[in-house]
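Asks: Quick one: the structure is below, questions incoming.
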Amino acid sequence: MRIAHLSAEVTPFAKTGGLGDVVGALPKAQAELGHDVTVWMPLYRQAWKAMRQRGIEPEVACEPFRVGQQQVGILRTVLPDSNVPLFFVGADEFFNRPNIYSNAPYGEDDGIIRYSLFVRAVFGAMHRLWNAPQIMHAHDWHMALAPMALRWDTPRDWVFNDTVSVLTIHNLAYQGIYPHRMFPALGLPPSVQPQVDWDGAINLMKGGIVAADVITAVSPTFAHEITTPDGGFGLDPLLRMRSSDLMGIVNGIDPLIWNPAHDRQIARNYDAQTLGAKLENRRALLRSTGMDPDDPSFVVGIVGRLTHQKGFDLLFPVLGDLIGSGVRFVMLGSGERELENRMHYYSHHAQGKFWGYVGFQDDLAHRIEAGADAFLMPSRFEPCGLNQLYSLAYGTPPIVRRVGGLADTVIGYDGRNRDEATGFTFEAATPPALRDTVLWAQRCYQDPMLWTQIARDGMAQDYSWRHSAQLYDDVYRAVRRHKGLA
Ligand code: ADP
Numbered sequence: 021m022r023i024a025h026l027s028a029e030v031t032p033f034a035k036t037g038g039l040g041d042v043v044g045a046l047p048k049a050q051a052e053l054g055h056d057v058t059v060w061m062p063l064y065r066q067a068w069k070a071m072r073q074r075g076i077e078p079e080v081a082c083e084p085f086r087v088g089q090q091q092v093g094i095l096r097t098v099l100p101d102s103n104v105p106l107f108f109v110g111a112d113e114f115f116n117r118p119n120i121y122s123n124a125p126y127g128e129d130d131g132i133i134r135y136s137l138f139v140r141a142v143f144g145a146m147h148r149l150w151n152a153p154q155i156m157h158a159h160d161w162h163m164a165l166a167p168m169a170l171r172w173d174t175p176r177d178w179v180f181n182d183t184v185s186v187l188t189i190h191n192l193a194y195q196g197i198y199p200h201r202m203f204p205a206l207g208l209p210p211s212v213q214p215q216v217d218w219d220g221a222i223n224l225m226k227g228g229i230v231a232a233d234v235i236t237a238v239s240p241t242f243a244h245e246i247t248t249p250d251g252g253f254g255l256d257p258l259l260r261m262r263s264s265d266l267m268g269i270v271n272g273i274d275p276l277i278w279n280p281a282h283d284r285q286i287a288r289n290y291d292a293q294t295l296g297a298k299l300e301n302r303r304a305l306l307r308s309t310g311m312d313p314d315d316p317s318f319v320v321g322i323v324g325r326l327t328h329q330k331g332f333d334l335l336f337p338v339l340g341d342l343i344g345s346g347v348r349f350v351m352l353g354s355g356e357r358e359l360e361n362r363m364h365y366y367s368h369h370a371q372g373k374f375w376g377y378v379g380f381q382d383d384l385a386h387r388i389e390a391g392a393d394a395f396l397m398p399s400r401f402e403p404c405g406l407n408q409l410y411s412l413a414y415g416t417p418p419i420v421r422r423v424g425g426l427a428d429t430v431i432g433y434d435g436r437n438r439d440e441a442t443g444f445t446f447e448a449a450t451p452p453a454l455r456d457t458v459l460w461a462q463r464c465y466q467d468p469m470l471w472t473q474i475a476r477d478g479m480a481q482d483y484s485w486r487h488s489a490q491l492y493d494d495v496y497r498a499v500r501r502h503k504g505l506a
């Protein structure tokens with residue numbers, strides 16, 4: 021099948037979270053299954069930087085052309101370690117900005133304009149390159165215009181006669197909500213505006229959910245949660261209506277990037293058979309944070325965006341208790357100012373026990389996964405979560421709240437299920453629940469046989485993309501059959 025992925029993030033060219041990792045990896049797994057896959061992303065400043073660092077010179081894919089008033093250029097390279105073509109849409113005014121999700125220079129959130137321009141440019145390039153896919157796979161609200169345009173454009177571009185659309189929801193908390201007056205940016209017929217209207221505004225995720233031929237969410241539990249009032253962020257009635265076209269598929273791990281046996285960013289490579297070598301990564305991590313590298317006390321690693329979703333605010337009220345009980349923390353994250361301030365505060369006032377780095381640093385994320393004893397994710401909601409998959413793969417048992425994809429991927433140790441446990445789980449989104457579970461994990465850590473068994477069982481889990489890529493395959497085939505396309 022010819023498959024095109026459209027995404028606002030693709031690792032290693034631009035990433036703020038799991039979305040980038042997924043779209044950097046899934047297409048490679050699909051190509052290995054024999055599909056003809058392309059990936060499309062904006063040519064951000066970050067992408068130029070990543071290409072420079074890797075010595076990549078993209079080629080011009082077609083003559084520049086206009087989308088409305090805007091001139092766009094299309095460049096082409098491949099996803100690293102693959103032959104999967106990656107196309108960039110270049111339009112400096114919109115994508116050459118300090119951050120991936122920067123506002124316009126005059127301060128307005130012009131995401132709807134940027135990503136509409138992007139989708140329209142992708143359609144234009146596919147037309148010019150004679151390269152229309154059979155599966156147009158759009159990721160998150162940024163790309164939701166793709167299914168909308170395929171369904172509602174009049175006249176519909178004939179090159180897309182054989183194309184069906186798939187919308188994957190990676191995070192429903194972000195929906196792309198803009199004032200009514202910005203509707204024309206989408207380039208859709210005015211008659212379809214009611215399909216995109218939502219609560220006095222326009223909502224791109226809503227429009228995408230209405231228009232897509234099929235919708236996927238990034239784990240089975242999350243796919244269910246978003247159909248409920250608690251997890252639907254207001255879109256649950258619509259998702260319930262479309263529940264027969266909604267399917268949850270858990271994300272996988274890119275084995276070339278997140279693999280302790282080959283990871284070039286960690287001090288010493290290891291696998292389940294040589295787990296002892298993980299100690300060297302522990303020492304290196306602790307040394308780099310100014311903590312005592314030979315102190316055997318329990319080290320908990322944390323990496324993530326500092327947002328309400330991730331639940332890190334649940335940690336700080338009990339951090340003193342935990343430190344008092346001998347738990348140490350190495351934390352990497354950036355986001356909400358209040359949480360960044362907490363990290364600064366404890367790094368200063370609990371030196372040797374808490375070390376926090378505020379920022380986005382990929383190599384440190386790898387070193388924490390490899391060097392910590394356990395990995396904490398107290399998320400309030402978690403569509404899939406990749407960090408717990410990475411920590412499973414690195415023999416660093418995850419301590420997670422049992423929600424969304426975390427519930428689908430981590431089996432908590434409860435004192436009786438030693439043969440199947442891969443980590444530690446708790447239910448309540450409260451500081452005491454978090455504290456008690458970290459202390460429970462710390463107790464288990466004192467029993468090296470038990471701990472090694474839990475870590476090895478986690479490492480033995482198969483979260484390679486092959487299985488999930490096969491499930492996407494099944495979804496694609498089913499929707500094409502349903503639409504009477506071969
Ligand atoms: P989400 O997509 O909600 O952010 P995931 O767990 O699915 O959460 O994916 C997070 C990805 O982003 C992981 O690859 C993680 O290592 C990375 N990441 C998050 N915050 C940082 C950071 N501050 N520095 C480096 N990598 C980060």
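Quick note: the sequence shown uses this note's numbering, first residue 21, plus one each step. Virtual Cβ for every residue (Gly too), placed ideally from N, Cα, C.
#1: Quick one: Cα of Arg148 to Cα of Ala141, how far?
#2: Might you give, ordered along the chain, the residues of its own chain that have their beta carbon closer than 6 Å to the beta carbon of Ile322, omitting 5 neighbours on each side?
#3: By Cβ distance below 6 Å, which residues in the same chain neighbour Phe349 in space, the five residues on each side in sequence not counted?
#4: Are at least three pairs of beta-carbons, each pair with one atom in the stretch 296-304 and one in the stretch 438-445, less than 8 Å apart?
#5: Please determine whether the Cβ atom of Asn407 lies at a distance below 7 Å from any heavy atom of the ligand ADP.
#6: From what residue to what residue does the alpha helix (DSSP H) around Asp256 run?
#7: In angstroms with no decimal places, state the Cα-to-Cα distance between Asp333 and Ala449.
#8: Tell me whether Glu447 sits in a helix, a strand or coil according to DSSP, three-state version.
#9: Would Asp265 pass as a contact of Ile235 if the rule is Cβ separation under 8 Å?
#10: Among the residues of its own chain, which have a CB less than 7 Å from the CB of Gln262, if the five just before and after it don't count?
#11: Just tell me which of Asp291, Leu187, Leu505 and Asn123 has its CA closest to the CA of Met163.
#12: Pull up the distance between the alpha-carbon of Ala34 and that of Tyr194, whole angstroms please.
#13: With DSSP collapsed to three states, give me the class of Met42.
#14: Give, in chain order, every unbroken run of the alpha helix (DSSP H) that is at least 4 residues long and sits entirely within the stretch 123-182.
#15: Can you check which of these residues, His25, Gly346, Leu339 and Asp382, is closest to Tyr365 by C-alpha distance?
#16: So, for Pro337: in the same chain, excluding its five sequence neighbours on each side, which residues have a beta-carbon less than 8 Å away from its beta-carbon?
#17: Could you tell me if Tyr135 is buried or exposed, where buried requires 16 or more neighbouring beta carbons within 10 angstroms of its beta carbon?
#18: Identify the residues that DSSP records as bridge partners of Ala19: which are they?
#19: Only counting the same chain, and skipping five residues up and downstream in sequence, which positions put a Cβ closer than 8 Å to that of Cys104?
#20: Identify which residue in Arg260, Arg288, Val184 and Leu26 has its Cα closest to the Cα of Gln154.
#21: So who's on the other strand from Glu79, going by DSSP bridges?
#22: Any heavy atom of the ligand HEM closer than 7 Å to the beta-carbon of Gln215?
#23: Classify Leu1 as helix, strand or coil using the three-state DSSP reduction.
#24: How would you write the range of the beta strand (DSSP E) that Asn223 sits in, first residue to last?
Replies: Looking at the atomic coordinates:
#1: Each residue's CA atom was taken as its position, placing Arg148 and Ala141 some 10 Å apart.
#2: Excluding sequence neighbours, Ile322 sits near Met351 and Leu396.
#3: Taking Phe349 as the centre and dropping the five residues before and after it, the same chain places the C-beta of Val320 and Phe374 closer than 6 Å to its C-beta, in chain order.
#4: No, the stretch 296-304 is not in contact with the stretch 438-445.
#5: Yes, the beta carbon of Asn407 sits closer than 7 Å to at least one heavy atom of the ligand ADP.
#6: Where Asp256 is concerned, the enclosing alpha helix (DSSP H) starts and stops at Asp256 to Met261.
#7: Asp333 and Ala449 have their C-alpha atoms some 10 Å from each other.
#8: The three-state reading of DSSP puts Glu447 in coil, since its state is none of H, G, I, E or B.
#9: Closer than 8 Å, so yes.
#10: The identity of residue 262 in the sequence shown is Arg, whereas the question assumes Gln. Excluding positions up to five away in sequence, the list reads Ile229 and Ile235.
#11: Taking only the C-alpha atoms, the option nearest Met163 is Leu187.
#12: The straight-line gap from Cα to Cα measures roughly 18 Å.
#13: Checking the sequence, you will find Val at residue 42 rather than Met. Three-state result, Val42: helix.
#14: If you keep only unbroken alpha helix (DSSP H) runs of at least 4 residues inside the stretch 123-182, you get 131-149 and 165-172.
#15: Closest by alpha carbon: Leu339.
#16: Only Pro451 meet the Cβ criterion.
#17: Flag for Tyr135 reads buried.
#18: Since the first and last residues shown for the chain are 21 and 506, residue 19 lies out of range.
#19: The sequence shown places Val at residue 104, not Cys. Short of 8 Å from the beta carbon of Val104, and not among the five residues preceding or following it, lie these beta carbons of its own chain, in chain order: Pro47, Lys48, Ala51, Val57, Thr58, Val59 and Val98.
#20: Nearest option by C-alpha distance: Val184.
#21: Beta-bridge analysis with DSSP links Glu79 to Arg96.
#22: No copy of the ligand HEM appears in this structure; the ligands present are the ligand ADP.
#23: There is no way to answer for residue 1, as the model of the chain reaches only from 21 to 506.
#24: Per DSSP, Asn223 belongs to the beta strand (DSSP E) from Ala221 to Asn223.
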